[in-house]
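Undergrad: Under our numbering, think of the first position of the sequence shown as 11, with each following residue one higher.
We put the beta carbon where it would ideally sit given N, CA and C, even for glycine.
Starting off with a structure, shown below.
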Amino acid sequence: MTQSRANLLLLFAGLIWGLGFVAQSTAMENIGPLTFIGLRFIVATATVAPFAFMEAGRASKPLSFSDHKAFMILGSMLFSGMVLQQTGLLTTSVTNAGFLTGLYVVLVPILGVILFSQWPHPVVWICAVLSLTGIFMLSGGSLDGFSQGDWMMIAGAFFWALQGLFIARYALRIGRPVTMACVQFAVVAFAGIVCAAIFEQIEWQTIQAAAPEILFTGMFSSGVAFTLQAIGTRYTSAPQAAIFLSSEALFAALFGAILLGERLPFIGLAGCALIFLSMLMVEIVPRLRFKKPATGKTSLSEVPAENL
11 MTQSRANLLL LFAGLIWGLG FVAQSTAMEN IGPLTFIGLR FIVATATVAP
61 FAFMEAGRAS KPLSFSDHKA FMILGSMLFS GMVLQQTGLL TTSVTNAGFL
111 TGLYVVLVPI LGVILFSQWP HPVVWICAVL SLTGIFMLSG GSLDGFSQGD
161 WMMIAGAFFW ALQGLFIARY ALRIGRPVTM ACVQFAVVAF AGIVCAAIFE
211 QIEWQTIQAA APEILFTGMF SSGVAFTLQA IGTRYTSAPQ AAIFLSSEAL
261 FAALFGAILL GERLPFIGLA GCALIFLSML MVEIVPRLRF KKPATGKTSL
311 SEVPAENL
């Protein structure tokens with residue numbers, strides 16, 4: 011696969027995730043957030059399970075109890091993030107949801123320092139300030155303009171960041187990414203259905219009304235998009251992959267405008283631009299420099315993919 015085609019796959023994954031925010035928002039007109047989460051991830055588990063079985067068949071050794079425990083911990087983080095995000099969509103816009111969820115890009119290195127003493131490139135701290143400024147502008151220049159749903163999105167981004175950190179650590183040690191995703195989905199599906207049975211009223215008619223959104227987010231936002239991410243990242247550079255995948259926020263705003271008629275004032279658009287700029291800088295700036303070999307010549311294989 012060429013690098014151009016790989017980048018197109020990553021852009022398509024970002025498009026699916028952006029459209030997924032619209033589906034998640036419209037689903038709330040017919041169904042409770044916990045019921046939606048449970049059913050969505052039942053579909054996601056069924057979508058990924060065949061590939062997990064294929065991966066297991068090629069594995070050199072079975073998973074241990076500690077491996078399954080790690081997957082379940084990741085599933086609990088995913089469930090926490092999903093509940094905050096889905097509930098937040100009841101009182102915030104799709105545009106805000108897309109950009110505020112993207113804050114995990116900046117939170118990942120910050121939490122890496124706090125939890126694992128992994129110090130990032132200095133530009134990360136600049137990006138954190140830019141993001142906070144963007145959030146302030148997104149609220150209309152006043153914290154009073156922030157809705158409860160916006161704060162839930164920010165809290166959800168915290169759990170997405172935690173999940174990203176621990177996925178990186180577990181994936182290196184265990185080496186079973188598809189199985190990891192499948193177990194996570196199963197944990198979220200089980201927790202969602204149990205919590206929905208306790209806190210919400212599950213009705214067949216409302217499930218039928220939200221069926222298109224359930225199927226789309228389950229099969230495509232969870233199943234297809236993550237598969238495209240795994241394939242595309244193999245054939246492109248890390249900075250370019252981050253740029254194309256972070257297009258999720260832009261597509262969320264675009265589809266929110268096209269399908270839901272949402273509009274932001276100029277200061278809100280400027281805030282979105284700052285948040286998006288911070289996402290790009292935190293991935294691109296640390297990789298701008300590369301060392302030349304001692305001979306003073308640089309072979310084609312040693313040039314970063316983004317410079318080719």
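Span of the alpha helix (DSSP H) holding R273?
TA: The count along the sequence shown starts at 1 and reaches residue 273 at position 263. Taken as a continuous stretch (DSSP letters only), R273 belongs to no alpha helix (DSSP H), as it is neither H nor E.
Undergrad: Pull up the distance between the alpha-carbon of P249 and that of L25, whole angstroms please.
TA: Taking the first residue of the sequence shown as 1, we reach residue 249 at position 239. Taking the first residue of the sequence shown as 1, we reach residue 25 at position 15. Only weak support exists for where P249 lies, its pLDDT of 44 falling under 50; the coordinates are left without a value.
Undergrad: Just to confirm, are T102 and G144 a CB contact at a threshold of 8 Å?
TA: Walking along the sequence shown from the start, residue 102 turns up at place 92. Walking along the sequence shown from the start, residue 144 turns up at place 134. Going by C-beta atoms, T102 is not nearer than 8 Å to G144.
Undergrad: Using the Cα positions of G202 and G185, report the straight-line distance between them to the nearest angstrom.
TA: Counting from 1 along the sequence shown, the entry for residue 202 is found at position 192. Counting from 1 along the sequence shown, the entry for residue 185 is found at position 175. Rounded to whole angstroms, G202 to G185 spans 27 Å at the Cα level.
Undergrad: Excluding sequence positions up to five away, which residues of its chain have a Cβ less than 7 Å from the Cβ of C192?
TA: The sequence position of residue 192 within the sequence shown is 182, counting from 1. Sequence-distant partners of C192 (beyond 5 residues in either direction) whose C-beta falls short of 7 Å from its own C-beta, in its chain, are T55, V58, A59, A62.
Undergrad: Would you mind stating whether V295 and V133 have Cβ atoms separated by less than 8 Å?
TA: For this step, residue 295 is matched to residue 285 along the sequence shown. For this step, residue 133 is matched to residue 123 along the sequence shown. With contacts defined by Cβ atoms closer than 8 Å, V295 and V133 form a contacting pair.
Undergrad: On the criterion of 16 or more Cβ atoms from any shown chain inside 10 Å, does S90 qualify as buried, or is it exposed?
TA: For the purposes of this step, residue 90 is taken as residue 80 along the sequence shown, with counting starting at 1. Flag for S90 reads buried.
Undergrad: Assess contact between the region 67 to 84 and the region 36 to 53, defined as three or more Cβ pairs (one per stretch) separated by less than 8 Å. Is contact present?
TA: no
Undergrad: Under DSSP, the alpha helix (DSSP H) around F89 begins and ends at which residues?
TA: As a position in the sequence shown, residue 89 is number 79, starting the count at 1. Note, F89: alpha helix (DSSP H), 75 to 98.
Undergrad: In angstroms with no decimal places, state the Cα-to-Cα distance between Y180 and L121.
TA: By 1-based counting over the sequence shown, the position of residue 180 is 170. By 1-based counting over the sequence shown, the position of residue 121 is 111. So the two alpha carbons sit approximately 16 Å from each other.
Undergrad: Start and end of the alpha helix (DSSP H) containing Q194?
TA: Taking the sequence shown and counting its residues from 1, one reaches residue 194 at position 184. It spans 187 to 209 - the alpha helix (DSSP H) in which Q194 sits, taken as one unbroken run.
Undergrad: Would you check if the distance between the CB atom of F46 and the CB atom of I208 is smaller than 8 Å?
TA: If you number the sequence shown from 1, residue 46 lands on position 36. If you number the sequence shown from 1, residue 208 lands on position 198. Against a cut-off of 8 Å, the Cβ pair of I208 and F46 comes out as no contact.
Undergrad: For S141, is the classification buried or exposed, using 16 other Cβ atoms within 10 angstroms of its Cβ as the cut-off for buried?
TA: What you label residue 141 is simply residue 131 of the sequence shown in a count that begins at 1. Counting the other CB atoms within 10 Å of its CB gives S141 a total of 16 or more, which places it among the buried residues.
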